[in-house]
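First to last, the sequence lines map onto chains A and B. Here the first sequence is numbered in the numbering used here, starting from 31 and rising by one per residue. Here the second sequence is numbered in the numbering used here, starting from 31 and rising by one per residue. Where a beta carbon is used, it is the ideal one built from N, C-alpha and C, also for glycine. For reference, the structure discussed in these notes is given below.
Protein chains: 2
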Amino acid sequence: MGCIICKLISEEIEVTKVYEDDVVVAVMDIQPINPGHLFIAPKRHIESISELDEEVGSHVFKTATRMTNALRRSGLKCDGVNLLLADGGSAGQEIPHIHLHVIPRIRMDGSGFKFRKGSIRPPDRKELERIAGLLRRAFG
Amino acid sequence: MGCIICKLISEEIEVTKVYEDDVVVAVMDIQPINPGHLFIAPKRHIESISELDEEVGSHVFKTATRMTNALRRSGLKCDGVNLLLADGGSAGQEIPHIHLHVIPRIRMDGSGFKFRKGSIRPPDRKELERIAGLLRRAFG
Numbered sequence: 031m032g033c034i035i036c037k038l039i040s041e042e043i044e045v046t047k048v049y050e051d052d053v054v055v056a057v058m059d060i061q062p063i064n065p066g067h068l069f070i071a072p073k074r075h076i077e078s079i080s081e082l083d084e085e086v087g088s089h090v091f092k093t094a095t096r097m098t099n100a101l102r103r104s105g106l107k108c109d110g111v112n113l114l115l116a117d118g119g120s121a122g123q124e125i126p127h128i129h130l131h132v133i134p135r136i137r138m139d140g141s142g143f144k145f146r147k148g149s150i151r152p153p154d155r156k157e158l159e160r161i162a163g164l165l166r167r168a169f170g
Numbered sequence: 031m032g033c034i035i036c037k038l039i040s041e042e043i044e045v046t047k048v049y050e051d052d053v054v055v056a057v058m059d060i061q062p063i064n065p066g067h068l069f070i071a072p073k074r075h076i077e078s079i080s081e082l083d084e085e086v087g088s089h090v091f092k093t094a095t096r097m098t099n100a101l102r103r104s105g106l107k108c109d110g111v112n113l114l115l116a117d118g119g120s121a122g123q124e125i126p127h128i129h130l131h132v133i134p135r136i137r138m139d140g141s142g143f144k145f146r147k148g149s150i151r152p153p154d155r156k157e158l159e160r161i162a163g164l165l166r167r168a169f170g
């Protein structure tokens, strides 16, 4: 079947691009959370962060921050912006080609990141230190 | 009162850091969505993306992707990862010092980005092209 984002990049399927260069493309999302919702993807087919070259990653992020500034200047309704990346199906990644969403937010638009009830507790500092130890070792 | 993230960086208040260098710091979130939830912030007090230097931004993002890889290697439960940045109160930014969340996700954990009902419609290509035109001009 092939990758939908690769097909958008090659324009094999209908697409509205806002920007592209040799490394990344910015594409209007066809299921926008608000008008102006777009995403930035590397042109090369990269499934996950584990395969993402740091230079390409930087270019994706830089393009997203420039698009954030463009959204605020565009005249579109934009009271805030979320940048969101989903790495893995359990994180909500629907297309296995990495992409960073740039989501204009409008005051009280009813969207946002959902927290589980009961997930917010006073911090257990000992537990945080234990977890941080695991992460420091893995960070290398 | 001063900025909470600045106080975490200076260790004026209790903090568990996973990583720090001259430019950024990685701090365990005290209201974790799942164990291992942390955020990356520039050390300099920067409120929003509009003030974010591209080099600093790249360093923040690179650190977040390296933390994503560390999470997957750490032994903590991690079926996926979300990277999330909130720019502006209407986007859910609670502390006016820019920070990028690295959120480990566990299958069926009940979290995720919330879409308004009715926001998902078939694309109106003409409208997408009009909006893309505004963004292209503003992108410069």
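What's the call for residue 128/B, buried or exposed, on a 16-neighbour Cβ count within 10 Å?
buried
Would you say residue 65/A reaches chain B, if we count a Cβ-Cβ gap shorter than 9 Å as a contact?
yes
Should the segment 154-165 of chain A be called in touch with the segment 34-41 of chain B, which here means at least 3 C-beta pairs below 8 Å?
no
Going along chain B, which residues have a C-beta under 9 Å from residue 51/A?
Simply none; closest approach about 12 Å.
Beta-carbon proximity list for residue 102/B, same chain, < 7 Å, skipping 5 on both sides:
108
Do you know offhand how far residue 169/B's Cα is from residue 48/A's?
9 Å
Going along the chain, which residues of the segment 70-88 of chain A sit with their C-beta nearer than 8 Å to a C-beta in chain B?
79, 80, 82, 84, 87, 88
First and last residue of the uninterrupted alpha helix (DSSP H) at residue 73/A:
It is not in any alpha helix (DSSP H) - residue 73/A carries neither H nor E in the DSSP assignment.
Identity of the residues DSSP links to residue 116/B by a beta bridge:
112/A
Measure the alpha-carbon distance for residue 41/B versus residue 156/A and round it to whole angstroms.
17 Å
First and last residue of the beta strand (DSSP E) that includes residue 142/B?
142-144
Would you mind sorting residue 110/A into buried or exposed? The rule is 16 or more other CB atoms within 10 Å of its CB.
buried
Sequence ranges, alpha helix (DSSP H) only - wholly within the segment 50-105 of chain A, length at least 4
84-103
Since residue 104/A meets chain B, which of its residues come closer than 7 Å, beta carbon to beta carbon?
164, 165, 168
Less than 7 Å between C-beta atoms, sequence neighbours within five positions excluded: which residues of the same chain meet that for residue 90/A?
54, 70, 72, 130
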